[in-house]
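Notes for the one structure printed next.
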Amino acid sequence: MTLESTGAYHPLNGREALCHWLGHIKLSRIIVLVFMILIIVPLITHYFLSKVESSVPNGDIHRTRSKLEAFEDFSTLRASDLKLRIEEMLRIKGSVSAELRDLEAKRQRLQIEVVGFSQKIDDLKTEVIHQQTELERLKISVEQAQVSQREALQRNTPDLALPRKLLPTAVPGLYPPPETRQSSACRMYNCFDHSRCSLTSGFPVYLYDPDRYPVITLGWEVEGFVKTTLKQTLGYNPHFTTDPVSACIYLVLVGESLATMGPNLRNFTDSTLQENLLHDLPYWGGDGRNHVLLNFARSGSVRGTRELSTGGRDIFHKVNTGRAMFIQSTFVRSNYRPGFDVVSPPILGPPGGDTWQDSPMMLPARRKYLLSFQGEFQQSANLVTAYTKNLGEATDNFDDSEDDFVNNDARFTRQNIESFIVEHLQGLEFGSTSDQFLFHFDCSLPTGTTSVGLDRRAGGVKVVAGSWGDWVLCGTESSRGSVLRDSTFTLVIASPNTSLLTTTVLQTRVYEALKAGAIPVLLGGDQLELPYSEVVDWNRVVLFLPKARITELHFFLRAVPDSDLLVLRRQGRQVWERYCSSVQSTVDTIVALLRHRLGIPPLPVQEEPSPSVFNATFSPLKTEAIVPEAEPEESLGPIEPPYPSPKFKRNYTFFLTQGHEVWNDWGDPFKLYPQLPFDTILPSDAKFIGSGVGFRPIGRGAGGAGKEFCESLGGNSPREQFTIVMLTYEREQVLINSLSRLYGLPYLNKVIVVWNSPRPPLEDLRWPEIGVPVHVIKASRNSLNNRFLPYDAIETEAILSVDDRRSPSSR
Numbered sequence: 001m002t003l004e005s006t007g008a009y010h011p012l013n014g015r016e017a018l019c020h021w022l023g024h025i026k027l028s029r030i031i032v033l034v035f036m037i038l039i040i041v042p043l044i045t046h047y048f049l050s051k052v053e054s055s056v057p058n059g060d061i062h063r064t065r066s067k068l069e070a071f072e073d074f075s076t077l078r079a080s081d082l083k084l085r086i087e088e089m090l091r092i093k094g095s096v097s098a099e100l101r102d103l104e105a106k107r108q109r110l111q112i113e114v115v116g117f118s119q120k121i122d123d124l125k126t127e128v129i130h131q132q133t134e135l136e137r138l139k140i141s142v143e144q145a146q147v148s149q150r151e152a153l154q155r156n157t158p159d160l161a162l163p164r165k166l167l168p169t170a171v172p173g174l175y176p177p178p179e180t181r182q183s184s185a186c187r188m189y190n191c192f193d194h195s196r197c198s199l200t201s202g203f204p205v206y207l208y209d210p211d212r213y214p215v216i217t218l219g220w221e222v223e224g225f226v227k228t229t230l231k232q233t234l235g236y237n238p239h240f241t242t243d244p245v246s247a248c249i250y251l252v253l254v255g256e257s258l259a260t261m262g263p264n265l266r267n268f269t270d271s272t273l274q275e276n277l278l279h280d281l282p283y284w285g286g287d288g289r290n291h292v293l294l295n296f297a298r299s300g301s302v303r304g305t306r307e308l309s310t311g312g313r314d315i316f317h318k319v320n321t322g323r324a325m326f327i328q329s330t331f332v333r334s335n336y337r338p339g340f341d342v343v344s345p346p347i348l349g350p351p352g353g354d355t356w357q358d359s360p361m362m363l364p365a366r367r368k369y370l371l372s373f374q375g376e377f378q379q380s381a382n383l384v385t386a387y388t389k390n391l392g393e394a395t396d397n398f399d400d401s402e403d404d405f406v407n408n409d410a411r412f413t414r415q416n417i418e419s420f421i422v423e424h425l426q427g428l429e430f431g432s433t434s435d436q437f438l439f440h441f442d443c444s445l446p447t448g449t450t451s452v453g454l455d456r457r458a459g460g461v462k463v464v465a466g467s468w469g470d471w472v473l474c475g476t477e478s479s480r481g482s483v484l485r486d487s488t489f490t491l492v493i494a495s496p497n498t499s500l501l502t503t504t505v506l507q508t509r510v511y512e513a514l515k516a517g518a519i520p521v522l523l524g525g526d527q528l529e530l531p532y533s534e535v536v537d538w539n540r541v542v543l544f545l546p547k548a549r550i551t552e553l554h555f556f557l558r559a560v561p562d563s564d565l566l567v568l569r570r571q572g573r574q575v576w577e578r579y580c581s582s583v584q585s586t587v588d589t590i591v592a593l594l595r596h597r598l599g600i601p602p603l604p605v606q607e608e609p610s611p612s613v614f615n616a617t618f619s620p621l622k623t624e625a626i627v628p629e630a631e632p633e634e635s636l637g638p639i640e641p642p643y644p645s646p647k648f649k650r651n652y653t654f655f656l657t658q659g660h661e662v663w664n665d666w667g668d669p670f671k672l673y674p675q676l677p678f679d680t681i682l683p684s685d686a687k688f689i690g691s692g693v694g695f696r697p698i699g700r701g702a703g704g705a706g707k708e709f710c711e712s713l714g715g716n717s718p719r720e721q722f723t724i725v726m727l728t729y730e731r732e733q734v735l736i737n738s739l740s741r742l743y744g745l746p747y748l749n750k751v752i753v754v755w756n757s758p759r760p761p762l763e764d765l766r767w768p769e770i771g772v773p774v775h776v777i778k779a780s781r782n783s784l785n786n787r788f789l790p791y792d793a794i795e796t797e798a799i800l801s802v803d804d805r806r807s808p809s810s811r
């Protein structure tokens, strides 16, 4: 209670009483109170904690608490007991630590095993994918094998093996000689014995030895160069044979023949070919069938030698040659038998070898002179020989009885035509045009001067001549060649004597023009026959114009663009190099032309031998190849056994379907190749309509995506494989690694290793087994070009040439 200001007392509430008591309590009481609280509170807490611990079940391991030992427990232990207890605790600690270490080691081992098993699982998954891919490839291979089996059972035309040669067993029998009228009408179907030339015979050719079997009249002799080079060059020809019994055709060399009695022509007979010697040839057979008479021209166009040689003449006039063929450079139209006789170029080149070194550059397209001509017209009346009289007889027998050369008025008319041509050409040379021309119509003038306003000079220039009213050649071969090298076009004028089909002089002009790269313009070309016209397309080489077009000549030449100029020049160069440039090319072309007529294929091209780098007694060591891991879901193609590409499938149809291209585009009718990139292919739908043998269309014709493209090659060609040609030089380990990467490569037929080193491989070198043969070839010399040789060990058309440091793989 409190006393108020009024002096009265009133009672205090609880809060105010507590505050009043605390404010008046003594310090000693407070200390005693705090001390009692500190004693009583722990006792109460200990009591309740003991109650809680006793209420927890003994098996409950998840609800734990600290075990507090009573103070009196420690107090009752002795020091020795504590030491033992401490040691026991240390022992327990060590045991627990060892157990923990064992558990940790076991955990690590288990973890390593888990990682190993995981890796094994991954490897098994990869292997499963690989095996699935391999299974797919095997399924594809089985399907391809089944298709091949069905094709083999259904094949109507089995592959033909190399046929056996069918050769004659006896020399030609004796037949009665044909009449002259029958001989002049000879063609291949009525004057040639095909029974001696089987399609599989290989076309053997026999040559009569000119020294042993001369057929020339006394006073004449075959020119030595022609005789020697013909023997030599024909000996290089693969068709040449020394066995007359098996021969298909027999060659008789009759010229070029030169006079051996000097320039006195009074003792010469009308013909240089002796008929009785010709008929006495041992294999003549009475009628001369399958005989070919060769009258080559070499010096017959030179004035002073033309009368003393047979090269520029048709020496077979009035000679009973039976059923023999003629091959020469000069023909009278009435004596030429189309499809039977052959016009050959003069042999003006070397015996053989490369001749392209003497050829000028193809460019520029247009040269200094637009057109050039060097020649002089010579009338036939100037040639007073016995043979010119024979020409008159031949002209009288010509089918056209109103031929202009029958009377002098007609001859005068033809001479006027030649004069008009000369006048027009001179007008071009001295006209107002900017084009340059070079024309020489007088052989007495030196080269480089004009033929107008100059005096004639008799000396200093070698003069050459033609025959029977022809345009003779002027100057030397070198002087004419220098002019032709500066000429875009060169003029070749046909003889006004229309009874002449071709002459040596005209062909000499064409030969020199092609050699110099000047495009020949044949004025009067509609009346001429050029060499090998049966197979050579001269329209791609020479410009043919009738003489009536002389006034339009300049316009026509200006209309030829540069591109066509180069095409004509390039084609002319090819024809000259392949068929005319040397004696070897001329002889080979004649043999190839006769063989082409008979439809007999040429002999196969010679392949390069493939000698093994290992001797016969040594077997190289083998080892398993490192199999590369295939990419998932990848199949590059079926696994097939080695399958060689079909070869020589078109032996007898190749020249029928592509004969024109062989002679005029590719320029190689002399050899037969196993395959060509120009072989004909079937149209896309043919493989589904009757011609599906060997083809593997994509998705059996339905197409598809990657999977279908992996199963088949497709395309318009039958199934095929390829060969790898690998060049190496003393890099054994690099080579082995490259070979190992080829394991399982689809469509691989064989690996050809060209060993360029003179040192053989190590004996202990282990070669990997890659599933296909590996043939190691010992090269004859160290050359990078050895990889491009046509080795006979290569059996496929497709070839991949690689270096040993880089090679494809199956990945």
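Numbered per our numbering, the sequence shown spans residues 1 to 811. Even glycine gets a Cβ: it sits at the ideal position worked out from N, Cα and C. Keep in mind it's a predicted model, so treat the numbers as computed, not measured.
Ranked by how close their Cα comes to the Cα of P561, the residues Q132, G599 and P364 have P364 in first place. Runs of the alpha helix (DSSP H) lying entirely within the region 528 to 609, each at least 4 residues long, are 553 to 558, 562 to 579 and 583 to 598 in chain order. About 14 Å separates the CB atoms of L293 and T217; that is not less than 8 Å, and the two are not in contact. By the neighbour-count definition (other C-beta atoms within 10 Å, threshold 16), P683 is an exposed residue.
Rounded to the nearest whole angstrom, the CA to CA distance from L425 to F439 is 7 Å. As computed with DSSP, G255 is found in a beta bridge with N295. Our two residues, R759 and E730, have alpha carbons roughly 8 Å apart in a direct line.
At a Cβ-Cβ threshold of 9 Å, D470 and H554 do not count as neighbours. Looking at L514, S499 and I493, the one whose alpha-carbon comes closest to that of V505 is I493. The Cβ atoms of G288 and R337 do not sit closer than 9 Å to each other.
In the displayed model, L207 falls within a strand according to three-state DSSP. Rounded to whole angstroms, the separation of the alpha carbons of D679 and P244 is 36 Å. Per DSSP, V483 is one residue of the alpha helix (DSSP H) stretching across E477 to R485.
DSSP places Y236 in the uninterrupted alpha helix (DSSP H) bounded by G224 to Y236. Going by DSSP, Q507 is part of the alpha helix (DSSP H) stretching over T504 to A516. By the CB criterion at 9 Å, L491 and S329 fall outside the cutoff. The alpha-carbon of V754 is positioned some 12 Å away from that of P761.
One thing to note: Q232 has its Cβ no nearer than 9 Å to the Cβ of R719. Per the DSSP secondary-structure output, V492 pairs in a beta bridge with L522.
In the structure shown, the three-state DSSP call for F373 is strand. By the Cβ-count criterion, Q374 is buried, with 16 or more other Cβ atoms from all chains shown falling within 10 Å of its own Cβ. In this structure, P674 sits near F648, with a CB-CB distance shorter than 9 Å.
For D435, the three-state secondary structure derived from DSSP is coil. By DSSP's assignment, W471 forms a beta bridge with F377. R29 and M36 have their C-alpha atoms spaced approximately 11 Å apart. I25 sits exposed, since fewer than 16 C-beta atoms from the chains shown fall within 10 Å of its C-beta. DSSP, reduced to helix, strand and coil, places L100 within a helical segment of the structure shown.
If the five residues before and after A516 are omitted, its C-beta is found closer than 6 Å to the C-beta atoms of G481, L484 and R485, all from its own chain and listed in chain order.
The continuous stretches of alpha helix (DSSP H) do not include H194, and DSSP gives it neither H nor E. Look at the beta carbons and you see the region 665 to 674 not touching the region 686 to 696: under three pairs across the two are nearer than 8 Å. Fewer than three Cβ pairs drawn from the region 193 to 213 and the region 117 to 129 lie within less than 8 Å of each other, which leaves the two stretches out of contact. A residue is called buried once 16 or more other Cβ atoms fall within 10 Å of its Cβ, and V605, having fewer, is exposed. With fewer than 16 neighbouring CB atoms inside 10 Å of its own CB, L103 falls in the exposed class.
For a cut-off of 8 Å, the C-beta gap from L522 to L528 is around 6 Å, short enough to register as a contact.
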